[in-house]
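Visitor: Starting off with a structure, shown below.
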Amino acid sequence: MAHRIRRVEYFHVTVPDRPGEAFRFLSALAEAGLDLLAFTAIPVGIFQTQLTIFPSDPARLQTEGARLGLRLDGPHGALLVQGRDAPGALVGVHERLYDAGVNVYAANAVAGSGGEYGYVIYVRPEDMAKAAEALGV
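In our numbering, the protein residues as written are 1047 to 1183.
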């Protein structure tokens, strides 16, 4: 399976769980000209949402985030896998992590209509070097 794997950094921002929060946040990033590789939002508690952003330029996000007054938690490391979608596209990636004794504690994936996929893999910080070596990044 042909795919590209790279290390990426992500940041969390916790916002109130109400309409428009993600819109305002993403609009501020867009107005600052920040490009994202990935974005997720999950509830944390009853009244808050954690926005997780994967910027293409983490240093620039930190600079612009400070200017915008954002309370960024990070950077944290993850792995981004991108490639052509096919049955079993992620099996080899997980096999190499398993063989290296690396636990994947969270992951997000999506397949696009053009036949490609993107997959974010979260491993514990103490396992990142081992995971990167197992995946050749």
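Positions of the beta carbon are idealized from the N, C-alpha and C atoms, including for glycine.
Just so you know, these numbers come straight off a predicted model, no measurement behind them.
According to DSSP, is Ala1112 part of a helix, a strand, or is it coil?
Guide: In this structure, Ala1112 counts as helix in the three-state DSSP scheme.
Visitor: Here's the rule: buried if 16 or more other CB atoms are within 10 angstroms of the residue's CB, otherwise exposed. What is Glu1141?
Guide: So Glu1141 counts as exposed.
Visitor: Quick one: grab the DSSP three-state call for Ala1177.
Guide: Residue state, collapsed to three classes: helix.
Visitor: Would you list the residues sitting across from Glu1162 in a DSSP beta bridge?
Guide: BP columns for Glu1162 point to Arg1130.
Visitor: Near Leu1114, which residues of its chain fall below 8 Å by C-beta distance, leaving aside the five closest residues on each side in sequence?
Guide: Only Ala1074 and Ala1078 meet the Cβ criterion.
Visitor: At what residues does the alpha helix (DSSP H) containing Glu1067 begin and finish?
Guide: Its alpha helix (DSSP H) spans residues Glu1067 to Glu1077.
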